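J.: One structure coming up, written as structure tokens, with questions to follow.
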Amino acid sequence: MRLLASCVDSGSLKEILCNVGTDTSKKAEIQPLSIRTSLSEGLKASIDTLCLCDRYRILLGRNNGTLEMVKIVDVPHTEEEGTQLPTFQVSEFEVLDSISGMLDDSKLAPLYEGSKKRVKLTDGFVTISQLPGLKDSYLVATRSGLISVVKWDAKESKLTKIETFEVKAPLEFAQLYDLGQDNSSGDFVLAYGGEENSVKLVQLKRDYSSLVQVWEAKNVKNDKLDLRVPIWPVALRFLRPLESTDVEKSKLNYQFVVITRWSHLGLYRTQHGRKPLQYKELLPNREPLTQLQLVGKDVSELGNIFATDFKDFEIVTADTKHNVYKFDIKGKLQLKFGKTDITGASSFLAVHDQKYLLQGGLDRYARIFDLQSGTRLAKVYTGSKVNYLLMLDDDQVGIDKPKVTKDKKRKPEPEDEEEQEAQNDELWHHLDKSKQNSVKKARK
Numbered sequence: 001m002r003l004l005a006s007c008v009d010s011g012s013l014k015e016i017l018c019n020v021g022t023d024t025s026k027k028a029e030i031q032p033l034s035i036r037t038s039l040s041e042g043l044k045a046s047i048d049t050l051c052l053c054d055r056y057r058i059l060l061g062r063n064n065g066t067l068e069m070v071k072i073v074d075v076p077h078t079e080e081e082g083t084q085l086p087t088f089q090v091s092e093f094e095v096l097d098s099i100s101g102m103l104d105d106s107k108l109a110p111l112y113e114g115s116k117k118r119v120k121l122t123d124g125f126v127t128i129s130q131l132p133g134l135k136d137s138y139l140v141a142t143r144s145g146l147i148s149v150v151k152w153d154a155k156e157s158k159l160t161k162i163e164t165f166e167v168k169a170p171l172e173f174a175q176l177y178d179l180g181q182d183n184s185s186g187d188f189v190l191a192y193g194g195e196e197n198s199v200k201l202v203q204l205k206r207d208y209s210s211l212v213q214v215w216e217a218k219n220v221k222n223d224k225l226d227l228r229v230p231i232w233p234v235a236l237r238f239l240r241p242l243e244s245t246d247v248e249k250s251k252l253n254y255q256f257v258v259i260t261r262w263s264h265l266g267l268y269r270t271q272h273g274r275k276p277l278q279y280k281e282l283l284p285n286r287e288p289l290t291q292l293q294l295v296g297k298d299v300s301e302l303g304n305i306f307a308t309d310f311k312d313f314e315i316v317t318a319d320t321k322h323n324v325y326k327f328d329i330k331g332k333l334q335l336k337f338g339k340t341d342i343t344g345a346s347s348f349l350a351v352h353d354q355k356y357l358l359q360g361g362l363d364r365y366a367r368i369f370d371l372q373s374g375t376r377l378a379k380v381y382t383g384s385k386v387n388y389l390l391m392l393d394d395d396q397v398g399i400d401k402p403k404v405t406k407d408k409k410r411k412p413e414p415e416d417e418e419e420q421e422a423q424n425d426e427l428w429h430h431l432d433k434s435k436q437n438s439v440k441k442a443r444k
């Protein structure tokens, strides 16, 4: 298994090469084959998010406002003296080009300057995604509400910012729709939202000339105490449009799932209206939730699901303590990952190929879980809070395990039936003799 981990403290990218069963918290367990640190820029230039362009290129955004196109080069691993490792390759990283000044803290100032209780907000990259159907065009969104289109010119090895739009801040997510073109114009559809920033759907023109809002969610009614329910969507995933004879062609037809900071699961259908179709409390005490991943049969590259109804798929989410949950779409708890193992809040979750759950967080470990059973497959200490994890492949590097024999004096198994019978007779004779001796001692 080959992982890339964004480490906050050093502002670096670590490549981890390990096999199933790896656990660096125990010396007796399998250890990683290789951990290499690259592209270190320090704490003030840590990597917020990554986008895998192809197997040999990644686009990464640092919290100092720099966007970098990085080339991955495979090189043979150099074996240290005295070690016996199998032959494998490791990665080296080269920055091909970069764009600076992508972030703007001043856009967030009005959100905290008027309050004595709010801390200063800093900008950061929220999403870097490849535009559906386009090879070298990317959408980049920041917490301050800046949404940019960036292009990569492979011939010139140059990264260019084409256009930037500004939407209401702050942003917790910016999710592209990639389940097929469902509008006649072929425009890109994007959903975004954040703290006191309700979910909005916008259309980005194919020629990047404009970004137009086409729909906005409406808050649910007051709670049982007649108090306003706070608006704070933290993540969203799309479904396919509703397929029904009742569909009104004059209305927008989108469906999506939303997780809120206040542990609500919202199911939205734009044909139904601006309020959610269903709004469920996942946790009894409204513990904050921070993540959303979908688990199902057919999930797109951007994490959306090819389903036309809210059934037959599950969600994975995490709270701000140490819990990672899997719920069905009805809100029933199915599984908890790393119950006694995870000791810090999860800052990152991702589902890889609907087989693995990648998890990293404040306890400085990168973990891989089996998505269906919840079994931990690997656990590697990174030495820093993990901002992002990316699995390049899940190949196993073969290592023959030494056979451990508990009893070296154990007799070999008999090869034929006559030898087996002779051993049995000897055993019964020994038992009968021991029984007679114990009876004699009792009579005395």
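Under full-length UniProt numbering, the residue at position 378 of the sequence shown is numbered 378, and the numbers go up by one with no gaps.
Where is the CB? At the ideal position from N, CA and C, for every residue including glycine.
All values derive from a computational prediction rather than experimental measurement.
Would the stretch 46-66 and the stretch 130-150 be scored as touching if the rule is three or more Cβ pairs under 8 Å?
T.: yes
J.: Work out the CA separation of Val229 and Trp265 for me, nearest whole Å.
T.: In the sequence on display, residue 265 carries Leu and not Trp. Distance from the CA of Leu265 to the CA of Val229, rounded to the nearest whole angstrom, comes to 13 Å.
J.: Are Val75 and Glu94 touching if we call contact CB-CB under 9 Å?
T.: Taking 9 Å as the Cβ cut-off, Val75 and Glu94 do not qualify as a contacting pair.
J.: If Arg62 and Glu41 are in contact, beta carbons under 8 Å, what's the gap, nearest whole angstrom?
T.: 6 Å
J.: Out of Asp393, Ala378 and Ser157, which has the shortest C-alpha to C-alpha gap to Gly21?
T.: Measuring from the Cα of Gly21, the nearest candidate turns out to be Ala378.
J.: Measuring CB to CB, does Val386 end up less than 9 Å from Gly360?
T.: yes
J.: Please report how far the alpha carbon of Asp312 lies from the alpha carbon of Ile329, in whole angstroms.
T.: 8 Å
J.: Gly273 to Arg376, Cα distance in whole Å?
T.: 42 Å
J.: Indicate the three-state DSSP secondary structure (helix, strand or coil) for Pro233 in the structure shown.
T.: In this structure, Pro233 counts as strand in the three-state DSSP scheme.
J.: List the residues that DSSP assigns as beta-bridge partners of Met1.
T.: According to DSSP, which records beta bridges pairwise, Met1 is partnered with nothing at all.
J.: Excluding five sequence neighbours on each side, which residues of the same chain lie with their C-beta closer than 6 Å to the C-beta of Val150?
T.: Tyr138, Val140 and Lys161
J.: On the premise that Arg2 lies in contact with Leu17, defined as a C-beta separation below 8 Å, what is that separation, rounded to the nearest angstrom?
T.: Distance from Leu17 to Arg2 at the Cβ level is roughly 5 Å; contact confirmed, criterion being Cβ atoms closer than 8 Å.
J.: Identify whether His322 lies in helix, strand or coil by the three-state DSSP scheme.
T.: coil
J.: Is Lys355 close to chain D, meaning its C-beta is less than 9 Å from at least one C-beta of that chain?
T.: Any reference to chain D falls outside this structure, which holds one protein chain only.
J.: State the Cα-Cα distance for the pair Gln334 and Arg269, rounded to the nearest angstrom.
T.: Straight-line Cα distance between these residues: approximately 25 Å.
J.: As a quick exercise: from Asp48, Ile368 and His77, pick the residue whose alpha carbon is nearest that of residue 491.
T.: No answer is possible for residue 491: it lies beyond the span of the chain, which begins at 1 and ends at 444.
J.: Please go through the same chain and pick out, in chain order, the residues whose beta-carbon is closer than 6 Å to the beta-carbon of Ile99, but skip the five residues on each side of it.
T.: Leu67, Leu159 and Lys161
J.: Among the residues of its own chain, which have a CB less than 8 Å from the CB of Glu166, if the five just before and after it don't count?
T.: Lys107, Gly145, Leu146 and Ile147
J.: In its own chain, which residues sit with a C-beta less than 7 Å from the C-beta of Pro402, not counting the 5 before and 5 after it?
T.: Residue placement at Pro402 cannot be trusted, given a pLDDT of 45 that sits under 50; what the coordinates show is reported in the next sentence. So the list is empty, once near-sequence residues are dropped.
J.: So who's on the other strand from Met69, going by DSSP bridges?
T.: Leu59 and Asp97
J.: For Thr37, which residues from the same chain have a beta carbon less than 6 Å from its beta carbon, with the 5 sequence-adjacent residues on both sides left out?
T.: Within the same chain, Thr37 has close Cβ partners Ser12 and Lys14.
J.: Can you tell me the Cα-Cα spacing of Leu278 and Val8, whole angstroms?
T.: First, the amino acid is wrong: residue 278 is Gln here, not Leu. Approximately 37 Å between the Cα atoms of the pair.
J.: Does Lys408 pass the burial test, meaning 16 or more other C-beta atoms within 10 Å, or should it be called exposed?
T.: Legend: pLDDT at Lys408 = 47, less than 50; position of this residue unreliable, no value from coordinates given.
J.: Is it buried or exposed, Lys406, if we count other Cβ atoms within 10 angstroms and call 16 or more buried?
T.: Confidence at Lys406 is low in this model, with a pLDDT of 49, below 50, so the placement of that residue should be treated as unreliable; the coordinate-derived value is given next. Exposed, because fewer than 16 other Cβ atoms sit within 10 Å of the Cβ of Lys406.
J.: Going along the chain, which residues of its own chain have a beta-carbon closer than 6 Å to the beta-carbon of Arg143, five neighbours each way excluded?
T.: Asp123, Gly124, Val126, Pro170 and Leu171
J.: Can you give me the Cβ contacts of Glu254 inside the same chain, cut-off strictly under 6 Å, excluding the 5 residues immediately before and after it?
T.: Note on identity: in this sequence residue 254 is Tyr, with Glu being the wrong assignment. Excluding sequence neighbours, Tyr254 sits near Thr270.
J.: Within 10 angstroms of the Cβ of His430, are there 16 or more other Cβ atoms? Answer buried if so, exposed if not.
T.: Residue burial is scored here from C-beta neighbours: His430 has fewer than 16 other C-beta atoms within 10 angstroms and is therefore classed as exposed.
J.: Which of the three DSSP states, helix, strand or coil, is assigned to His429?
T.: Three-state DSSP puts His429 in a helix.
J.: If you count every other CB in all the chains shown that lies within 10 Å of the CB of Asp178, and 16 or more means buried, which is it?
T.: Buried is the call here.
J.: Going straight from the alpha carbon of Asp400 to that of Leu96, what length do you get?
T.: Reliability of the predicted coordinates at Asp400 is poor, the pLDDT of 47 falling under 50, and the value obtained from them is presented with this limitation in mind. CA-CA distance, Asp400 to Leu96, rounds to 39 Å.
J.: Just mark Lys332 as buried or exposed, buried being the case when its beta carbon has 16 or more other beta carbons within 10 Å.
T.: exposed
J.: Starting from Val126, trace the beta strand (DSSP E) both ways and give me its first and last residue.
T.: Phe125 to Gln130
J.: Can you give me the start and stop residues for the beta strand (DSSP E) that Tyr356 sits inside?
T.: Tyr356 to Gly361
J.: Just the C-alpha distance for Lys135 and Gln89, rounded to the nearest angstrom, thanks.
T.: 27 Å
J.: Taking 8 Å as the limit between beta carbons, can you name the residues of its chain near Asn196, skipping five residues before and five after?
T.: The sequence shown places Glu at residue 196, not Asn. Cβ within range, chain order: Pro230, Ile231 and Trp232.
J.: Indicate the three-state DSSP secondary structure (helix, strand or coil) for Asn424 in the structure shown.
T.: For Asn424, the secondary structure class from DSSP, reduced to helix, strand or coil, is helix.
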